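**Student:**
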Amino acid sequence: MKTIQHVLFTGISILFLLSVNSCQKLTEINENPNEAATTHPQALLSKVEWEAFRVWHGTTPLYILKMIVQTDGENANQLYNWQRGGFGEYQQLRNVQKMMEEAEKLNETNYIALGKFFRAYYFYNLTLFFGDIPYSEALQGESASIFQPKYDSQEAVFQGILTELEEAVTLLKDNPNPMDGDIIYSGNPNKWIALINAFRLKVLMTLSKHEESVAMDIRSEFAAIYAAEPLLQSIEDDGQLAFLDQQDVRYPEFNSSSYGSGMYMDSTFIRRLQDHKDPRLFVIATQTRLGREAGAALDDFSSYEGGDPIAPYAQVNDKAVAGRLSKVHDRYTDDPTNEPFVLMGYAEQQFILAEATVRGWISDDAKALYNEGIRASFAFYAAYAKNLGAFVAEDKVETYIAQPLVDLDDATSTEAKLERIMMQKYLRSFHQGGYSSYFDHLRTGYPTLRKAANVQVAYRWMYPQTEYNQNTQHVNDAIQRQFDGDDNIHSQPWWLN
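For the sequence shown, my numbering assigns the number 9 to the initial residue and increments by one for each residue that follows.
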């Protein structure tokens with residue numbers, strides 16, 4: 009990674025955007041013949057990457073995944089009682105679109121390729137959030153004066169995503185030149201090819217409920233990518249955004265006040281780590297105050313405890329006041345660089361391949377792939393959880409994967425194997441992967457997540473109010489087509505049917 013790029017890209021991109029906006033206004037009056045007609049897309053690439061790798065991180069997924077609880081008020085995400093989502097990601101897609109337009113002017117096809125990847129990434133998450141979304145007519149306000157885009161079916165959106173990802177790989181293979189402005193892989197197109205192929209596998213596995221689809225031929229496409237395309241080879245290939253101890257590029261939770269008040273670890277997550285004798289607990293959470301005062305060793309599993317996510321928050325707060333709750337580890341707020349955000353990494357890829365093997369999509373050793381995913385997760389913490397690496401060293405991971413509760417061979421049915429794979433994907437996802445483990449939960453049922461008896465499963469977010477106000481006909485058509493006119497969080501979109 010080029011440090012100078014990392015520090016300066018925000019200012020460069022902002023200046024570029026300001027210049028574009030200014031030019032749009034001034035050209036209505038007069039065009040300056042001395043002004044450049046194009047700007048190199050590298051001026052936007054760094055900004056696009058910075059936003060994309062951070063967009064779905066934060067604490068909201070942790071509440072949904074039963075990893076943290078709130079003790080000073082009810083949290084709608086913790087209770088699966090969220091309502092409307094937002095379309096703010098379309099603003100980031102506009103930056104992607106602008107980068108691609110500038111690349112087309114200069115015939116810089118490698119930037120177009122990355123634009124296609126980021127389009128696919130954003131639309132993939134947006135469609136999982138909502139269902140049908142604006143896709144084919146989206147982002148065409150400036151080019152085609154389409155300010156009220158139609159909603160494409162979710163199936164059509166997924167088909168478009170897979171096509172754009174394939175096109176991105178082809179473009180990068182045809183233009184192997186390095187890209188300036190790339191803060192992820194320092195412009196290495198081969199690294200991007202492997203990342204995009206891994207993401208293609210993720211998208212295809214997301215559609216496992218439609219594996220017999222003739223239109224998309226999901227199983228065959230997955231097998232073809234696995235057999236013939238470059239993939240991630242180790243955690244050194246992870247698509248990740250690293251942080252620096254400099255203004256505007258520090259770890260997002262650094263000095264976060266929320267971690268110091270009513271936020272504690274969820275008993276669901278703590279107990280699973282304890283049940284699996286998983287030493288990743290010691291790099292994610294702190295001991296309870298009572299455990300510290302008793303002089304318990306840091307690797308004493310019994311000195312960690314979480315709050316019940318379905319109990320009244322006041323009751324959980326009483327437990328916190330009594331010193332019986334663990335907090336999120338200090339490194340998340342005290343370390344300005346902490347750990348990178350991984351958009352797509354080797355560990356997740358290996359778990360996806362293990363699942364594909366269990367499902368019969370590819371022929372390989374599911375246990376070996378599964379174990380490699382676990383080793384990669386431990387190696388990630390060994391590399392980035394500063395001064396805590398001894399807890400997750402190589403000898404610890406080998407002991408861990410040999411345990412009866414972890415060993416894939418001890419799962420005797422397909423469902424039992426899938427449950428173990430999903431559990432390991434879940435256990436590696438604290439502040440990593442955004443909502444991916446929740447979407448895995450909706451798709452497979454694993455891992456189970458603690459809910460009160462009267463709480464229904466939330467499958468999606470309701471469409472933004474702004475769509476009702478500004479794109480009324482199209483959003484109403486989409487709701488009628490999918491959910492018989494009832495826009496609610498308990499309706500299952502196409503990908504889950």
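The beta carbon of each residue, even a glycine, is placed where N, CA and C say it ideally should be.
Predicted model only: the values in this text are computed from it and were never measured.
(1) Determine the contact status of residue 269 and residue 295, defining contact as a CB-CB distance below 8 Å.
(2) Between the region 359–366 and the region 328–342, do three or more beta carbon pairs fall short of 8 Å?
(3) I'd like to confirm the pairing. Which residues does DSSP put opposite residue 274 in its beta bridges?
(4) Within the chosen definition, does the region 371–382 reach the region 244–251 through at least 3 CB pairs nearer than 8 Å?
(5) Just tell me which of 74, 79, 60, 108 has its CA closest to the CA of residue 49.
(6) Whole alpha helix (DSSP H) runs in the region 162–198 with 4 or more residues, listed along the chain?
(7) Please state if the CB of residue 319 and the CB of residue 189 are separated by a distance shorter than 8 Å.
(8) What residue range does the beta strand (DSSP E) around residue 352 cover?
(9) Run through DSSP, which three-state label would residue 224 get?
(10) What are the boundary residues of the alpha helix (DSSP H) that residue 248 is part of?
(11) Alpha carbon to alpha carbon, how far is residue 344 from residue 444? Give it in angstroms, no decimals.
(12) Please state if the CB of residue 451 and the CB of residue 501 are separated by a distance shorter than 8 Å.
(13) When you compare only the Cα positions, how much space is there between residue 309 and residue 494?
(14) Can you round the beta-carbon distance between residue 120 and residue 272 to whole angstroms, since I take them to be within the 8 Å contact cut?
(15) Who are the near neighbours of residue 83 in its chain, counting only those whose CB is closer than 6 Å to its CB and skipping five residues on each side?
(16) Quick one: grab the DSSP three-state call for residue 78.
(17) Just to confirm the assignment, what range does the alpha helix (DSSP H) spanning residue 439 have?
(18) Report the three-state DSSP secondary structure of residue 362 (helix, strand or coil).
(19) Mind checking which residues open and close the alpha helix (DSSP H) that includes residue 391?
(20) DSSP puts residue 159 in a beta bridge; with which residues?
(21) So if DSSP puts residue 293 in a beta bridge, which residue, or which two residues, is it bridged to?
(22) For residue 455 versus residue 434, is the C-beta spacing smaller than 8 Å?
(23) With a threshold of 8 Å, are at least 3 pairs of Cβ atoms found where one atom belongs to the region 279–298 and the other to the region 83–98?
(24) Rounded to whole angstroms, how far is the Cβ of residue 211 from the Cβ of residue 240, which I believe are closer than 8 Å?
(25) Restricting to Cα atoms, I'd like to know which of 267, 274, 191 is closest to residue 252.
(26) May I ask you to report which of helix, strand or coil DSSP gives residue 17?
(27) Tell me whether the beta-carbon of residue 399 lies closer than 8 Å to the beta-carbon of residue 307.
(28) The alpha helix (DSSP H) spanning residue 101 covers which residue range?
(29) Round the Cβ separation of residue 79 and residue 321 to the nearest angstrom and send it over; I've been treating them as touching at under 8 Å.
(30) Bridge partners of residue 470, per DSSP?
(31) Since residue 489 is in the alpha helix (DSSP H), which residue starts that stretch and which ends it?
(32) Going by CA-CA distance only, name the one from 116, 214, 104 that's closest to residue 123.
(33) From residue 99 to residue 58, what distance separates their C-alpha atoms?
(34) Just curious, the alpha helix (DSSP H) that residue 72 is in, first and last residue?
(35) Under the three-state reduction of DSSP, which class applies to residue 152: helix, strand or coil?
(36) Only counting the same chain, and skipping five residues up and downstream in sequence, which positions put a Cβ closer than 8 Å to that of residue 341?
**Tutor:** Reading from the atomic positions:
(1) no
(2) no
(3) 315
(4) no
(5) 108
(6) 162–182
(7) no
(8) 349–352
(9) coil
(10) First-last for residue 248: 247–249, but that is the beta strand (DSSP E), not the alpha helix (DSSP H).
(11) 25 Å
(12) no
(13) 46 Å
(14) Between residue 272 and residue 120 the Cβ distance is about 46 Å, and since that is not below 8 Å, they are no contact.
(15) 71
(16) strand
(17) Looking at the DSSP string, residue 439 is not in any alpha helix (DSSP H), and its letter there is neither H nor E.
(18) helix
(19) 374–392
(20) 142
(21) 336
(22) yes
(23) no
(24) Actually they do not touch by this definition, with Cβ atoms about 15 Å apart.
(25) 191
(26) Here the model assigns residue 17 a pLDDT of 42, short of 50, so the residue's position is not dependable, and the following value carries that caveat. Residue state, collapsed to three classes: helix.
(27) yes
(28) 97–114
(29) 6 Å
(30) 92
(31) 480–491
(32) 104
(33) 14 Å
(34) 68–72
(35) helix
(36) 261, 262, 263, 264, 267, 268
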